[in-house]
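Under our numbering, think of the first position of the sequence shown as -19, with each following residue one higher.
All residues carry an ideal CB built from backbone N, CA and C; glycine is no exception.
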Amino acid sequence: MIKNNNLKYCREELEMTQKELGYVFGVSRYTVHGWENGHDTMPFNKLIMFCNLYGYSLDFVCGLSKKNIKYDKLNIDKETIGNKLKELRKKLHLSQQQLASDCHISQTTYSGYESGTYLINTITIYTICKTYNISMDLLLRS
-19 MIKNNNLKYC REELEMTQKE LGYVFGVSRY TVHGWENGHD TMPFNKLIMF CNLYGYSLDF
41 VCGLSKKNIK YDKLNIDKET IGNKLKELRK KLHLSQQQLA SDCHISQTTY SGYESGTYLI
101 NTITIYTICK TYNISMDLLL RS
């Protein structure tokens, strides 16, 4: 769970209610409340959609940065993300097992992210970026 995210700040800046934002994503206001308060984590595809729709950076929404930097819209898929994760892991000189261990997931699960079999979840990519002090936005755009 991402406790210190800026989702509530962003929603209020957009002058939207939790119910209105929930409607955009097809979820209840209670789900939005859980995302905002760190009781639950917004799915990664919805996080990217939010950032693309409303002009926020992933780093800002997730609380990795105190400043919102405007980027072009992200147009990525699970294979592209997997390739970027693999490049990062090699740059850091880590094995899949080491990186998976740092994220508290199995090596098999991490391997599925890297191979593009599965879309990485928000908490795992957040953990990678937080642990290794990497911008989520720059990781996915480089």
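Work out the CA separation of residue j and residue i for me, nearest whole Å.
i	j	result
residue -8	residue 5	16 Å
residue 2	residue 75	39 Å
residue 105	residue 99	10 Å
residue 34	residue 73	36 Å
residue 97	residue 45	29 Å
residue 56	residue 24	11 Å
residue 69	residue 117	16 Å
residue -5	residue 110	29 Å
residue 60	residue 32	17 Å
residue 27	residue -14	12 Å
In the DSSP assignment, find the alpha helix (DSSP H) that holds residue i and state where it starts and stops.
i	result
residue 0	-2 to 5
residue 29	24 to 34
residue 11	9 to 16
residue 55	First-last for residue 55: undefined, no H or E at that position.
residue 38	38 to 41
Is there a Cβ from chain D that is less than 8 Å from the Cβ of residue i?
i	result
residue 26	Reference to chain D is not applicable here, since this structure consists of a single protein chain.
Length at least 4, wholly inside the segment 82 to 121: the alpha helix (DSSP H) runs in chain order: 87 to 94, 102 to 111 and 116 to 121
Inspect the CB distances between the segment 78 to 95 and the segment 36 to 47 and report whether three or more fall short of 8 Å. no
Could you check whether the segment 85 to 92 touches the segment 11 to 30, counting it as contact only if at least three pairs of C-beta atoms, one from each stretch, sit closer than 8 Å? Touching, no, given that fewer than three Cβ pairs across the two stretches are closer than 8 Å.
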